[in-house]
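Peer 1: One structure, pasted below without further comment.
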Amino acid sequence: MISIKGLSKAYGSIDTSLLIVLKNIHLHIEAGEFVAIMDPSGSGKSTLLNIIGALDTFDAGSYHFNGQNVPELNRDALAELRLNNIGFVFQSFNLIPQLSALANVELPMLYTRLKKTTRQKAAVKQLTTLGLADRLDHKPGELSGGQQQRVAIARALANDPALIIADEPTGSLDTETGIEIMQLFQSLNRQGKTIVMVTHEEDIAAYASRIVRMRDGKILKNVSAA
Amino acid sequence: MSRWLSNVAQALQALNVHRRRAALSVLGITIGIAAVMAVGTISRGGNHLIYRELETFGLNSVWLYRNWNTQDVSLREKRGSGIENADYDGLNRDREQLGIRHISPIVDAPHNWISKQGNREANAQIIGVGRDYTTIANDKLIAGRLFNQNDIDTRQAVVMLAPQIVSILIEPGTDPIGQQIYIDGKRFLVVGLLAEKSRDFLASIGSSGGQNANDRILLPYTVIQRMLGHKEIRNLQLEVEEFDEAETVAQNARQRLLDNHPKGFDYRAETMASYIETTNRILNGVAIIGIVSASISLLVGGMGIMNVMGTAVLERTREIGVRKAIGAREKDIMTQFLMEAGLISAIGGLMGLLVGTVASIVLAKVTGFPLIPSPMQVMLALVISIVVGLLSGFFPARRAARMKPVKALRSE
Ligand SMILES: Nc1ncnc2c1ncn2[C@@H]1O[C@H](COP(=O)(O)OP(=O)(O)OP(=O)(O)O)[C@@H](O)[C@H]1O
Ligand SMILES: [Mg+2]
């Protein structure tokens, strides 16, 4: 599903000091995998994840998503790719504050031009599955962190994407809630979703089927978890 | 359709977060649109009123006078009106050739002539006119008959009365037609009653010269000339065939008078057409002032929207990043922010319509102008407000749409 070869990315120009954040990355992820990317220091995990999520560009190497050469896609095609194939989950939830939980989950389907009734039905179903049936009309500010993250996951699942990208999804949650979210991820993975997740915590990474360790913008080794 | 409704709902929710900030821009648009409405009301009402009033003096009217304002003192020393029956006869004979439909002499009676019936007395304007005068001056008959050629030619002692004179001279409850009144001691038969004439602020122009058309007594001009013992005409009133030709006809007729009086009199020709033009110019001036101030309010409102949207885009950079991550295309973001800008101005526009309508009603009451509703103007006001919103929302919306997703996401 994801095929990255010799990928590099740097920030800054020749005038300013050049900061190389990703160095010659090779990474292949098959459909159905649950991959955790780990790195003790802050040196490029989010950047890599954003590139995988077709949000960011890179300077050298290649990236194919389901056989499509991603750098060749124009901005609209990239948006379509994200819309239909990728669901994002962030550390800080990133729900839209003025919209209700229901409206947040409906949003991706609004962009796929689904009808109101279809959207609403699907969003209610998704939120109900995640145990938020009685929180549909709550604004994000009226929900706990764990609830917000579950709304965010419901939103990520709205257009039934094959890939879930999660950048430290448990980073803002207490241990117990974090474990709940990981159990949710595992069950999503069992249902066939491919998941790529960044985390600092070994306990959290342990839920993945494979751990990719990075240091200073390079991949150290690929380890299969239990 | 449902997508649009959802977009509108989302835009409303977003605006609601900063409703106080949006309110200022809404106010700007409201004032602008209300001003557009009020200006429209004044100029439409004013035009209508002026037209209606001028109509009562005959839109195709032309007046020919001796010009006393000449700089040549030797001309001023000449006495008399400079217009005689022979001038009238000549113009009347060549009517078709000159483009004149009707022509009537006007001969004034001295101011000290008293009109009487029994012990009732009136100080009326006593005016001698030709057969077609009532047609030219757009006088309507409400009872009796108009003068005929025989009345003029054989100097019949007949009169037509305007409403105020009827109420002064004629005993209430009796039919004025067929009654007798006395003018300067001579007996006259009332044959016709004239309808009430509008005399609002425009009554000061034209042949009535600032006088009230409703206190006239009309006589055959030949009768007054006989009583005064001369053959002079104070002025001539014409009705031209074509409104557009009024000025030409007036000048040609004036030239005739100049030619007929080689000894030297000067003449003045006034047309209703030129009065209308003048009043229209004044009204247009008023409208332009109004439109300029309306445009300024709209501009201020538009700049307010641009500012509000610019700030919103900055504040919501993160939200834009999130939407892009979720899969929003550039046009989705564009639509979203344009929708918000358009909504601000549409709300302003609707409120402006409301305020403008109330203002129009009040203005119409205060000025006495007729209130003429204009669906076209309502449409125009709404279109203007939405266009202002879209124009001023365009650049902020485009900035939002073109943001790099990662940059937007990382902002805080
Ligand atoms: N737009 C940018 N311009 C310049 N430098 C940047 C930019 N974005 C990120 N960086 C730098 O690139 C490096 C990698 O950033 P990134 O966010 O990918 O790291 P990370 O591994 O996700 O860190 P963390 O664990 O703290 O989330 C950091 O040193 C960061 O300062
Ligand atoms: Mg990071």
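Note that the protein sequences, when read in sequence, are chains D and G.
Residue 120 in my numbering sits at position 120 of the first sequence; the count goes up by one each step and never skips.
Residue 1203 in my numbering sits at position 203 of the second sequence; the count goes up by one each step and never skips.
Glycine included, each C-beta is placed from N, C-alpha and C at the ideal position.
1. May I ask you to report which of helix, strand or coil DSSP gives D/Thr128?
2. State yes or no: is the C-beta of G/Val1452 nearer than 7 Å to some heavy atom of ligand 1?
3. Do you know how far the Cα of G/Val1313 is from the Cα of G/Pro1405?
4. Could you check whether D/Gly32 and D/Thr194 sit closer than 8 Å to each other, using their CB atoms as the reference points?
5. Under 8 Å, do G/Ile1296 and G/Ser1025 count as touching if we go by C-beta distance?
6. So, at 8 Å on beta carbons, what are the nonlocal neighbours of G/Ala1381 in its own chain, with the 5 sequence-adjacent residues on each side left out?
7. Could you tell me whether the region 105-116 of chain D touches the region 57-73 of chain D, where touching means 3 or more Cβ pairs closer than 8 Å?
8. If we ignore side chains and look at the alpha-carbon of each, how far apart do D/Pro71 and D/Glu176 end up?
9. Along the chain, where does the alpha helix (DSSP H) containing G/Leu1091 start, and where does it finish?
10. Okay, do the region 1041-1061 of chain G and the region 1269-1279 of chain G touch, 3+ Cβ pairs below 8 Å being the bar?
11. Whole-angstrom Cβ separation of G/Gly1128 and G/Val1158, contact assumed at under 8 Å?
12. Does any residue of chain D bring its CB to less than 8 Å from the CB of G/Leu1202?
13. Can you tell me which of the three DSSP states G/Trp1004 falls into?
14. Where does the unbroken beta strand (DSSP E) through D/Phe65 begin, and where does it stop?
15. Below 8 Å, how does it come out for the region 1132-1141 of chain G and the region 1108-1121 of chain G: are there three or more Cβ pairs, yes or no?
16. With hydrogens ignored, establish whether the beta-carbon of D/Ser46 is closer than 7 Å to any heavy atom of ligand 2.
17. Can you tell me where the beta strand (DSSP E) holding G/Met1160 begins and where it ends?
18. Taking the beta carbon of G/Met1339 as the centre, do at least 16 other beta carbons fall within 10 Å, making it buried, or is it exposed?
19. Thinking just about the alpha-carbon of each residue, which of G/Ala1009, G/Val1388, G/Ile1233 and G/Asp1332 is nearest to the one in G/Ala1109?
20. Using the Cα positions of G/Glu1245 and G/Ile1126, report the straight-line distance between them to the nearest angstrom.
21. What residues in the region 1305-1320 of chain G have a beta carbon less than 8 Å from any beta carbon of chain D?
22. Determine the direct distance from the alpha carbon of D/Gln186 to that of G/Ser1411, and round the result to whole angstroms.
23. May I ask you to report which of helix, strand or coil DSSP gives D/Thr16?
24. Under 8 Å, do G/Thr1317 and G/Met1403 count as touching if we go by C-beta distance?
25. Scan the region 1100-1158 of chain G and note each continuous beta strand (DSSP E) run of 3 residues or more that stays entirely inside, going in chain order.
26. What is the DSSP secondary structure of G/Gly1264, counted as helix, strand or coil?
27. Are D/Leu95 and D/Pro140 touching if we call contact CB-CB under 8 Å?
28. In three-state terms, what does DSSP make of D/Ser46?
29. Just verifying my parser: in three-state terms, what is the DSSP assignment at D/Pro240?
30. Which stretch, first to last residue, makes up the beta strand (DSSP E) that contains D/Arg236?
31. Kindly say whether D/Phe88, judged by its beta-carbon, lies nearer than 8 Å to any beta-carbon of chain G.
32. To the nearest whole angstrom, what separates the beta carbons of G/Arg1044 and G/Ile1282, a pair I think is in contact under 8 Å?
33. Which partner residues of D/Gln68 appear in the DSSP bridge assignment?
34. Identify which residue in G/Gly1080, G/Thr1222, G/Leu1391 and G/Pro1163 has its Cα closest to the Cα of G/Ile1152.
Peer 2: According to the structure shown:
1. helix
2. Absent from the structure is residue 1452 of chain G, since the part of chain G shown begins at 1001 and ends at 1412.
3. 14 Å
4. yes
5. no
6. Ile1033, Val1036, Met1037, Gly1349, Gly1352, Leu1353 and Gly1356
7. no
8. 40 Å
9. Asn1085 to Arg1093
10. yes
11. Wrong, their Cβ atoms sit about 12 Å apart, outside the cutoff.
12. Because G/Leu1202 carries a pLDDT of 49, less than 50, the predicted location of this residue cannot be relied on, and the following value inherits that uncertainty. Cβ-Cβ to chain D under 8 Å: no for G/Leu1202.
13. helix
14. Ala60 to Phe65
15. no
16. yes
17. Val1158 to Leu1161
18. buried
19. G/Ile1233
20. 31 Å
21. Arg1318 and Glu1319
22. 31 Å
23. coil
24. yes
25. 1100-1108, 1115-1117, 1120-1122, 1125-1129 and 1141-1144
26. coil
27. yes
28. helix
29. Residue 240 of chain D is absent from the model: chain D starts at 1 and stops at 226.
30. For residue 236 of chain D there is no data in the structure shown, the boundaries of chain D being 1 and 226.
31. yes
32. Actually they are not in contact, since the Cβ atoms of G/Arg1044 and G/Ile1282 sit about 15 Å apart, beyond 8 Å.
33. D/Phe65
34. G/Thr1222
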